[in-house]
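Enquirer:
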Amino acid sequence: MNQLDMKGRHAVITGGAAGLGFAIAQRMLASGATVTLWDRDDVALAGAAKALGAGVQTVQVDVTRHDSVVQAVAQTALKVDALVNSAGITGPNTPLVNYPVDAWNQVMQVNINGIFHCCREIVPLMQQADYGRIVNIASVAGKDGNPNASAYSTSKAAVIGLTKSLGKELASTGIRVNCVTPAAVKTAIFDQMTPEHIQFMLSKIPMGRFGMPEEIAAMVAWLCTEDCSFSTGAVFDLSGGRATY
79 MNQLDMKGRH
89 AVITGGAAGL
99 GFAIAQRMLA
109 SGATVTLWDR
119 DDVALAGAAK
129 ALGAGVQTVQ
139 VDVTRHDSVV
149 QAVAQTALKV
159 DALVNSAGIT
169 GPNTPLVNYP
179 VDAWNQVMQV
189 NINGIFHCCR
199 EIVPLMQQAD
209 YGRIVNIASV
219 AGKDGNPNAS
229 AYSTSKAAVI
239 GLTKSLGKEL
249 ASTGIRVNCV
259 TPAAVKTAIF
269 DQMTPEHIQF
279 MLSKIPMGRF
289 GMPEEIAAMV
299 AWLCTEDCSF
309 STGAVFDLSG
319 GRATY
């Protein structure tokens, strides 16, 4: 493992109790940072905090609710050097004409509105310090579009657009805003997908395998360091060769 320098830095990680968020927390702790995990699952938060050990704070929050995010900020360490927006859901795998309206709205609430709420409330804290790193977890589906995953693909395309817009807004400050676009990564989120959709995603990856959480965490952690100084509003692929642009 390459050593990254995040000593003295504090990061907020949404969806931090499991999956990519948990792996990112592990890498940041190994790099010397402290972390606050935001998640709606209080039982999973307790388990994650126990597994991660020292340097971890947890806050139960529903990122789809603006008032819940405001309350979470108040419960979090005032110093927030990095924000990783990792909370996300896939939604059902079905053609658009059959897509349940409630499920569509839920995907948008979690995957894009949640990021908006978190950025809206944490950016002012970073502006006060004139320093910050924001990394949004998008997906290669937001670039290529996956069939039978219209809500997920659309929401992740929106994450890319939000990242580019906010990155330009804050470019003259000490805050950097970037996103990563992984191909499929083997986490519990696979439980939300059909076997057919999982096989479709694998077939699109030239490396012939899924990404590993620690591989995504390595890139995300670097994007949260001071070394990431001239990239903002950028999209970093982690697709095993799948991405075509």
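For what it's worth, our numbering labels the leading residue of the sequence shown as 79, then goes sequentially.
We put the beta carbon where it would ideally sit given N, CA and C, even for glycine.
Everything numeric in this text was worked out from a predicted model, so none of it was measured.
1) Using beta-carbon positions only, say whether Gly210 and Ile238 come within less than 7 Å of one another.
2) Just how far apart, CA to CA, sit Gly169 and Val188?
3) Per the contact definition of three or more C-beta pairs closer than 8 Å, is the segment 128-139 in contact with the segment 166-183?
4) In the structure shown, what three-state DSSP assignment does Leu123 receive?
5) With a threshold of 8 Å, are at least 3 pairs of Cβ atoms found where one atom belongs to the segment 223-238 and the other to the segment 159-176?
6) Under the DSSP definition of a beta bridge, which residues are partnered with Asp208?
7) Quick one: does Asp269 have its CB under 7 Å from some CB of chain C?
8) In the structure shown, what three-state DSSP assignment does Pro202 receive?
9) Need the endpoints of the alpha helix (DSSP H) that Ala299 sits in, please.
10) I need the boundaries of the alpha helix (DSSP H) containing Val151, first residue and last residue.
11) Where Thr241 and Gly86 are concerned, what is the direct C-alpha to C-alpha distance, given to the nearest angstrom?
12) Assign Asp222 to one of three DSSP states: helix, strand, or coil.
13) Pull up the distance between the alpha-carbon of Asn226 and that of Ser250, whole angstroms please.
14) Considering only their Cβ atoms, is the gap separating Val141 from Gln153 smaller than 7 Å?
15) In three-state DSSP terms, what is Phe194?
16) On the DSSP bridge assignment, give the partners of Asn214 in chain order.
17) Measure from the alpha carbon of Val121 to the alpha carbon of each residue in Leu107, Ala95, Thr114 and Ala103, then state which is nearest.
Expert: Judging by the given coordinates:
1) no
2) 10 Å
3) no
4) helix
5) yes
6) BP columns for Asp208 are empty, so no partner.
7) Among the chains in the structure shown there is no chain C, since it carries only a single protein chain.
8) helix
9) Pro291 to Leu301
10) His144 to Gln153
11) Counting only the Cα atoms, Gly86 lies some 26 Å from Thr241.
12) helix
13) 40 Å
14) no
15) If DSSP states are grouped into helix, strand and coil, Phe194 belongs with the helices.
16) Paired residue(s): Asn163 and Cys257.
17) Ala95
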